[in-house]
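> Position 237, counted from 1, in the sequence shown is what the working numbering calls 418; the numbers after and before it change by one each time, with no gaps.
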Amino acid sequence: MNPIDFSVILVNWNTAEMTLKAIASVWEDARKSSLSVEIFVVDNGSTDDSVARIREVYPEVYLLENTHNLGFARAVNRALWKATGETVLLLNTDAILRPGSLREFQKTFQGDDRIGMAGGALVSPDGSKQNCVAPFPSLVTELINKSLLRSFSKRHRSKVPDGVTEPFEVDSVIGASLAIRGKTLAAIGGLDERFFFFFEETDWCYQCRKLGWTVVCVAQAMVDHGHGESSKPVLVDTR
Numbered sequence: 182m183n184p185i186d187f188s189v190i191l192v193n194w195n196t197a198e199m200t201l202k203a204i205a206s207v208w209e210d211a212r213k214s215s216l217s218v219e220i221f222v223v224d225n226g227s228t229d230d231s232v233a234r235i236r237e238v239y240p241e242v243y244l245l246e247n248t249h250n251l252g253f254a255r256a257v258n259r260a261l262w263k264a265t266g267e268t269v270l271l272l273n274t275d276a277i278l279r280p281g282s283l284r285e286f287q288k289t290f291q292g293d294d295r296i297g298m299a300g301g302a303l304v305s306p307d308g309s310k311q312n313c314v315a316p317f318p319s320l321v322t323e324l325i326n327k328s329l330l331r332s333f334s335k336r337h338r339s340k341v342p343d344g345v346t347e348p349f350e351v352d353s354v355i356g357a358s359l360a361i362r363g364k365t366l367a368a369i370g371g372l373d374e375r376f377f378f379f380f381e382e383t384d385w386c387y388q389c390r391k392l393g394w395t396v397v398c399v400a401q402a403m404v405d406h407g408h409g410e411s412s413k414p415v416l417v418d419t420r
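This is the structure we're talking about:
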């Protein structure tokens, strides 16, 4: 039996319509690229009709239900250990894969064994580039309070540079579309569950680089991103 190319994980919390569109984009891209995928949706205790709608429209999706909102990291980890794909892709529910994105992620990992993680090039609804990479916080930023740290993080994120078409190395990528090699996942483990929402992907990228892999942004893996729509229903504290 041939291995599955991608395991795609989405965390849903009262975002049924967006989640259905995100799932549709994954199936469509996989079909056009002749790639095999399995999709996991972890529902974080939604109070809308998310679970019923996802189950009705996409019965082939693996739907994992939490009784309450466990936070992003814990929800993702539930699916990570069930995933069997050679590559695991975390995808926000407000993100839509453009055709060819999965193939670009696959080519990136196959082309360089040193790459452990890869992020997509995020695009806003108006077609403009979105910030998709970020440096690691410094010692100074670790000492300031949480609200200022979040502000620092947003200010220091950056977009794919103009003219860049090849994957390029970065400190960390934004978790709206984050792919991880299966071997890397086995080595570094899941997301740190001490992070409820935000910064867990930064820590993951740090752990990846600490063990010798590189992290890249894949300029040709383009992802339309609603820029935080999936996180609007809940205000959370971080760190």
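We put the CB at the ideal spot given by N, CA and C, even for glycine.
Here's a check: name, in chain order, each residue in its chain whose Cβ is nearer than 8 Å to the Cβ of Asn183, leaving out the five neighbours to either side.
Along the sequence shown, one-based indexing puts residue 183 at 2. Correct list, in chain order: Ser217.
> Between Pro306, Ala299, Ser358 and Ala357, which lies nearest to Val397 when the distance is taken from Cα to Cα?
Within the sequence shown, residue 397 is the residue found at index 216, counting from 1. The shortest C-alpha separation from Val397 is found at Ala299.
> Can you check which of these residues, Ala400, Asp405, Ser358 and Gln401, is closest to Cys386 by C-alpha distance?
Counting from 1 along the sequence shown, the entry for residue 386 is found at position 205. Measuring from the Cα of Cys386, the nearest candidate turns out to be Ser358.
> Assign Trp262 to buried or exposed, taking buried as 16 or more other Cβ atoms, counted over all protein chains shown, within 10 Å of its Cβ.
Residue mapping note: residue 262 aligns to position 81 of the sequence shown, counting from 1. The residue in question, Trp262, is exposed, as its Cβ has fewer than 16 Cβ neighbours within 10 Å.
> Starting from Glu267, trace the beta strand (DSSP E) in both directions and tell me its first and last residue.
Translated into the one-based positions of the sequence shown, residue 267 becomes position 86. From DSSP, Glu267 is part of no beta strand (DSSP E); its letter is neither H nor E.
> Name the one or two DSSP bridge partners that Arg362 has.
Along the sequence shown, one-based indexing puts residue 362 at 181. BP columns for Arg362 point to Thr268.
> Taking only three categories from DSSP, how would you classify Val207?
Here residue 207 refers to the residue found at position 26 when the sequence shown is read from its first residue. Three-state DSSP puts Val207 in a helix.
> In the DSSP assignment, find the beta strand (DSSP E) that holds Asn193 and state where it starts and stops.
Along the sequence shown, one-based indexing puts residue 193 at 12. Per DSSP, Asn193 belongs to the beta strand (DSSP E) from Phe187 to Asn193.
> Taking 7 Å as the cut-off, is the C-beta of Val207 nearer than that to any heavy atom in the ligand MN?
Absent from the structure shown: the ligand MN. Ligands present: none.
> List the whole-angstrom C-beta distance separating Ile361 from Gln388, where the pair is believed to meet the contact cut-off of C-beta under 8 Å.
Here the question's residue 361 lines up with position 180 in the sequence shown. Here the question's residue 388 lines up with position 207 in the sequence shown. Contact doesn't hold; Cβ gap of about 11 Å is too wide.
> Locate the beta strand (DSSP E) running through Leu245, then write down its first and last residues.
Along the sequence shown, read from residue 1 onward, the residue named residue 245 stands at position 64. Tyr243 to Asn247 is the span of the beta strand (DSSP E), which, as asked, contains Leu245.
> Of the choices Asp405, Lys364 and Val404, whose alpha-carbon is the least far from that of Leu392?
On the sequence shown, residue 392 is found 211 positions in, with the first residue counted as 1. Of Asp405, Lys364 and Val404, the residue nearest in Cα terms is Lys364.
> Over what stretch of residues does the alpha helix (DSSP H) that includes Asn258 continue unbroken?
Numbered from its first residue, the sequence shown carries residue 258 at position 77. Run containing Asn258: Phe253 to Leu261, per the alpha helix (DSSP H) assignment.
> Alpha carbon to alpha carbon, how far is Val189 from Leu270? Give it in angstroms, no decimals.
Reading the sequence shown from its first residue, position 89 is the one you call residue 270. Reading the sequence shown from its first residue, position 8 is the one you call residue 189. If I take the Cα positions, the gap works out to 5 Å.
> Excluding five sequence neighbours on each side, which residues of the same chain lie with their C-beta closer than 8 Å to the C-beta of Leu324?
Here the question's residue 324 lines up with position 143 in the sequence shown. Because Leu324 sits at a pLDDT of 40, beneath the cut-off of 50, its placement in the model cannot be relied upon, and the following sentence gives the value as read from the coordinates. If we look at Leu324 and ignore the five residues flanking it on each side, it has no Cβ neighbours.
> Considering only the beta carbon of each residue, do Leu257 and Leu201 sit closer than 8 Å?
Locating residue 257 in the sequence shown gives position 76, where the first residue counts as 1. Locating residue 201 in the sequence shown gives position 20, where the first residue counts as 1. Here residue 257 is Val; the residue named in the question, Leu, does not match the sequence. No, Cβ-Cβ distance for Val257 and Leu201 is not below 8 Å.
> Please state whether DSSP places Ile220 in a helix, a strand or coil.
Locating residue 220 in the sequence shown gives position 39, where the first residue counts as 1. Ile220 falls in the strand class under three-state DSSP.
> With respect to the beta strand (DSSP E) encompassing Cys398, which residues constitute its N-terminal and C-terminal limits?
The sequence position of residue 398 within the sequence shown is 217, counting from 1. Run containing Cys398: Thr395 to His406, per the beta strand (DSSP E) assignment.
> Three or more C-beta pairs under 8 Å: does that hold for the region 223-235 against the region 295-315?
Touching, no, given that fewer than three Cβ pairs across the two stretches are closer than 8 Å.
> Can you list, in chain order, the residues of its chain with a C-beta nearer than 8 Å to that of Lys213? Leave out the 5 residues immediately preceding and following it.
Looking up residue 213 in the sequence shown gives position 32. Pro280 and Gly281, listed in sequence order.
> DSSP state of Ala357, grouped into three classes?
Looking up residue 357 in the sequence shown gives position 176. Ala357 falls in the coil class under three-state DSSP.
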